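Notes for the one structure printed next.
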Amino acid sequence: MTLTLKPTPGDNPRRPGLVLTPEDAVALVPSGVTLAVGGSGSLLQVPETLLAALEQRWGKERAPNDLTVVHVMGLGDLQGRGIDHIAIPGLVRRFVGSHFVLSPRQQKTIAGNQVEAVGLPAGTISLLYREIAGGRPGLFTDIGLGTFVDPRQEWGRMNDRTREGLSELITLAGREWLFYPRFDVHFGLLRATVADVHGNLAMDDEAAFSDNLAIAQAVHNSGGTVVAEVKQIVAAGELPAGRVKVPGALVDHVVITDWPNQTPITRSDPRRTGVEPNRPTAITPLPFDHRKVVARRAAQEIHEDDLANLGVGMANGISYVALEEGFLDRFTLSIEQGVFGGLPGVGLDSGTAINPTAIVDMSSQFDLYDGGALDFAGLAFAQIDAEGNVNVAGVDGTPIGPGGFIDISQKAKTVVFCGTFRGGDLDVRVGEGRLEIVRDGRYGKLVDRVQRIAFDGRRARRAGQRVLYVTERAVFRLGADGIELIEIAPGVDLQHHVLARMGFTPIIREPLREMDGRLFRPEPMGLRCLPPRRLG
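For what it's worth, this note's numbering labels the leading residue of the sequence shown as 4, then goes sequentially.
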């Protein structure tokens with residue numbers, strides 16, 4: 004006797020109640036619950052249609068209210084989309100997120116003490132979803148110790164209204180850890196590309212996978228409701244199992260989106276999705292300016308076979324320098340959103356890559372980073388102080404949040420912080436092997452004491468990390484006794500342009516070197532990777 008296994012689920016009809024209008028879907032959100040919003044930066048996988056519908060419901064009903072909203076990355080486009088739809092006092096009681104800079108209304112409500120807000124490392128939130136899903140007591144992590152998320156500092160509180168953070172400081176097996184107790188996630192809003200009539204979700208036209216699976220598991224095992232918006236719904240059996248990223252058993256409802264874009268500025272780019280073989284693509288080189296100077300100097304620290312991560316801003320230019328110099332294929336770039344290889348996107352395309360070699364779930368990427376896999380990290384800075392501490396999380400009352408910065412910087416073997424020496428209307432000229440400062444910036448970024456610690460210089464020294472701070476006019480190193488000035492740009496006066504414009508006096512060990520003159524010339528430098536870290 005033999006049995007016949009038919010294709011699953013073959014001719015079965017659509018699951019009753021699966022497909023809803025956006026309005027009916029958000030009508031299911033109760034007041035006072037914890038709502039997880041998927042997405043991983045800019046508007047990648049952000050459920051834009053559902054968030055807009057939730058804003059409209061609030062406008063009509065003043066409901067739901069008192070939500071705790073959890074999101075990993077900054078979910079916005081600076082124009083009111085994404086999380087800004089629901090950044091409304093009354094609708095939201097508390098935000099728990101890692102980055103707020105893409106959402107002006109959210110920033111304003113936090114800065115104005117109209118809602119509570121806790122800023123955490125992106126990986127902490129991402130991995131906590133999995134602990135919630137697994138029914139475990141919570142997340143144990145050393146990421147964030149010694150930074151503003153540590154209970155001994157600001158506890159992650161982004162404003163005065165917020166009285167408590169989420170973590171506890173504990174000692175386990177003789178080591179300090181931050182412990183984040185689990186909490187129920189009652190409702191989840193996700194974004195995918197395609198659903199079938201049984202709720203299985205595929206993300207073929209998405210440039211990253213975000214935490215969709217982890218959120219769906221956390222919400223499902225909390226007894227909550229998962230709603231996903233998609234571009235289309237297909238018949239049963241049309242989605243092969245290998246394309247399904249979230250099983251239909253975890254999805255309660257789906258809606259059709261009216262926002263088809265991959266990012267705020269890219270509607271659909273198959274070069275970023277990884278569903279087709281990579282092909283040669285034309286890329287415009289970085290313009291020759293001081294930003295390129297910084298990216299070039301940082302690129303000089305990369306070793307062959309490094310696993311690297313590049314942050315937004317000037318550090319992102321390292322990848323373009325490596326492409327122009329011909330060694331982008333000699334090391335592996337990665338992005339915290341789960342992307343490996345390729346050329347990382349810039350600006351509002353950040354979180355994506357052209358011609359990636361692999362895309363994994365974001366929580367798996369943070370497992371890798373938090374475990375110390377990164378050889379090199381190029382990151383931005385807002386402030387640096389004499390102890391080597393770095394602030395990116397907030398300046399002068401503006402809530403920014405750390406994003407993936409803490410996860411990336413705390414464990415990478417080499418960290419290069421990239422930025423201008425001063426900020427605000429800085430005007431410099433580069434060329435002929437030198438730098439000319441036409442008009443200096445209004446405010447200093449190398450200060451006596453950073454306003455928030457997102458990178459702990461003392462902890463980095465104890466861990467033996469190699470840390471550089473690269474600007475257009477000078478390069479600094481984290482030494483055993485503090486910040487050391489090791490290089491100065493040709494054409495720059497040490498006393499007038501550097502020392503007199505810092506908030507502290509760096510250590511200077513003779514002789515002080517000049518930055519490589521090739522950095523300040525428009526033609527390619529002939530750069531190559533340093534030898535592999537792991538020989539044999």
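We treat Cβ as the ideally placed atom computed from N, Cα and C, and that holds for glycine. These numbers come from a predicted model, not from an experiment.
Whose C-alpha, out of the options, is nearest the C-alpha of residue i?
| i | options | result |
| --- | --- | --- |
| Pro-103 | Leu-471, Leu-530, Gln-386, Val-73 | Per the sequence shown, the amino acid found at residue 103 is Phe instead of Pro. Of the listed residues, the one whose Cα sits closest to Phe-103 is Val-73. |
| Arg-452 | Gly-485, His-256, Leu-471, Gln-468 | Gly-485 |
| Ile-259 | Gly-406, Ile-86, Leu-192 | Leu-192 |
| His-500 | Met-365, Gly-41, Val-431, Leu-172 | Val-431 |
| Gly-138 | Pro-25, Leu-326, Val-222 | Val-222 |
| Val-254 | Gln-454, Pro-283, Phe-190 | Phe-190 |
| Val-29 | Gly-42, Leu-21, Gln-59 | Gln-59 |
| Thr-269 | Asp-80, Leu-94, Asp-364 | Asp-80 |
| Gly-122 | Thr-360, Phe-291, Val-152 | Val-152 |
| Leu-438 | Phe-507, Tyr-323, Val-296 | Val-296 |
| Lys-505 | Met-518, Leu-488, Pro-514, Glu-513 | Just to set this straight, residue 505 is Met in the shown sequence, not Lys. Of the listed residues, the one whose Cα sits closest to Met-505 is Leu-488. |
| Gln-265 | Thr-150, Ala-114, Gly-85, Tyr-323 | Gly-85 |
| Pro-514 | Leu-497, Ala-503, Pro-525 | Leu-497 |
| Ala-56 | Thr-71, Leu-23, Val-75, Gln-48 | Leu-23 |
| Glu-232 | Glu-51, Ser-353, Ala-219, Arg-108 | Glu-51 |
| Gly-245 | Asp-207, Thr-112, Ser-412 | Asp-207 |
| Gly-2 | Asp-459, Ala-120, Asp-378 | In this structure the chain extends from 4 to 539, so residue 2 is not present and cannot be described. |
| Glu-157 | Gln-454, Glu-475, Arg-531 | Gln-454 |
| Asn-392 | Leu-78, Pro-107, Tyr-472, Arg-164 | Tyr-472 |
| Phe-507 | Leu-449, Leu-310, Glu-475, Leu-46 | Leu-449 |
| Ala-492 | Arg-476, Leu-148, Glu-339 | Arg-476 |
| Gly-460 | Asn-203, Ala-356, Thr-150, Gly-226 | Thr-150 |
| Val-188 | Gly-147, Leu-204, Ile-128 | Ile-128 |
| Arg-524 | Arg-464, Arg-462, Gly-436, Glu-517 | Gly-436 |
Can you find the residues in the same chain that come closer than 6 Å, C-beta to C-beta, to residue i, ignoring five residues on each side of it along the sequence?
| i | result |
| --- | --- |
| Leu-142 | Leu-130, Leu-131, Glu-134, Tyr-183 |
| Gly-375 | Lys-414 |
| Val-349 | Asn-319 |
| Val-324 | Ala-298, Arg-299, Ala-302 |
| Leu-429 | Thr-423, Gly-444 |
| Gly-427 | Gly-444, Arg-445, Tyr-446 |
| Gly-407 | Ala-125, Glu-339 |
| Asn-116 | Asn-162, Asp-163, Arg-164 |
Should residue i be labelled buried (16 or more other beta-carbon atoms within 10 Å of its own) or exposed?
| i | result |
| --- | --- |
| Val-34 | Before going on, a small fix: residue 34 reads as Ser here, not Val. Burial call: exposed. |
| Leu-294 | Reading off the sequence, residue 294 comes out as Arg, not Leu. Arg-294 comes out buried. |
| Lys-63 | exposed |
| Ala-210 | buried |
| Leu-124 | According to the sequence displayed, residue 124 carries Pro and not Leu. Buried, by the Cβ-count rule. |
| Pro-263 | exposed |
| Glu-179 | exposed |
| Arg-537 | exposed |
| Thr-287 | exposed |
| Asn-281 | exposed |
| Met-4 | exposed |
| Ala-457 | buried |
| Thr-284 | exposed |
| Pro-359 | buried |
| Val-441 | exposed |
| Gly-177 | exposed |
| Asp-199 | buried |
| Glu-241 | exposed |
| Glu-171 | exposed |
| Ile-173 | exposed |
Sorted by chain position, which residues of the same chain lie with C-beta nearer than 7 Å to residue i's C-beta, five sequence neighbours on each side aside?
| i | result |
| --- | --- |
| His-201 | Pro-12, Arg-18, Ala-239, Gly-251 |
| Arg-521 | Met-528 |
| Glu-318 | Residue identity differs from the one stated: residue 318 is Ala in this sequence, not Glu. Result list for Ala-318: Ala-301, Gly-381, Leu-382, Ala-383, Cys-421, in chain order. |
| Ala-219 | Gly-191, Leu-193, Val-229, Val-249, Leu-253, Val-254 |
| Val-237 | Val-197, Asp-199 |
| Leu-53 | Pro-25, Ala-28, Val-29, Leu-192, Val-230, Glu-232, Val-258 |
Examine chain C for any beta-carbon lying closer than 8 Å to the beta-carbon of residue i, and answer yes or no.
| i | result |
| --- | --- |
| Asp-214 | Looking for chain C here will not work: only one protein chain is present. |
If you drop the 5 nearest sequence neighbours on each side, which residues of the same chain put their C-beta closer than 8 Å to that of residue i?
| i | result |
| --- | --- |
| Gln-468 | Ala-415, Lys-416, Thr-417, Val-418, Leu-481 |
| Phe-186 | Thr-37, Ile-135 |
| Ala-510 | Checking the displayed sequence, the identity of residue 510 turns out to be Ile instead of Ala. If we look at Ile-510 and ignore the five residues flanking it on each side, its Cβ neighbours are Gly-482, Asp-484, Gly-485, Ile-486, Glu-487, Leu-488. |
| Glu-328 | Ala-302, Pro-527, Met-528, Gly-529, Leu-530, Arg-531 |
So does residue i have its beta carbon nearer than 7 Å to some heavy atom of the ligand MG?
| i | result |
| --- | --- |
| Met-518 | Judged by which ligands are present, the structure shown has none, so any question about the ligand MG falls away. |
Contact the stretch 360 to 368 vs the stretch 343 to 352: 3+ CB pairs below 8 Å:
yes
The stretch 269 to 280 / the stretch 86 to 99 touching (three or more Cβ pairs under 8 Å)
no
Report the residue ranges of all alpha helix (DSSP H) runs contained in full by the stretch 20 to 77; include only those spanning at least 4 residues, in chain order.
25 to 29, 51 to 64
At 3 residues or longer, and completely inside the stretch 494 to 533: list those beta strand (DSSP E) runs for me, N to C.
510 to 517
Segments of 4+ residues assigned as alpha helix (DSSP H) that fall wholly inside the stretch 254 to 337
293 to 302, 320 to 328
Secondary structure, beta strand (DSSP E): runs of 3+ residues fully inside the stretch 333 to 421:
335 to 338, 379 to 383, 417 to 421
Where in the stretch 183 to 259 do unbroken runs of the beta strand (DSSP E), each at least 3 residues long, occur, reported from the N-terminal end onward?
190 to 194, 197 to 199, 228 to 233, 235 to 237, 247 to 249, 256 to 259
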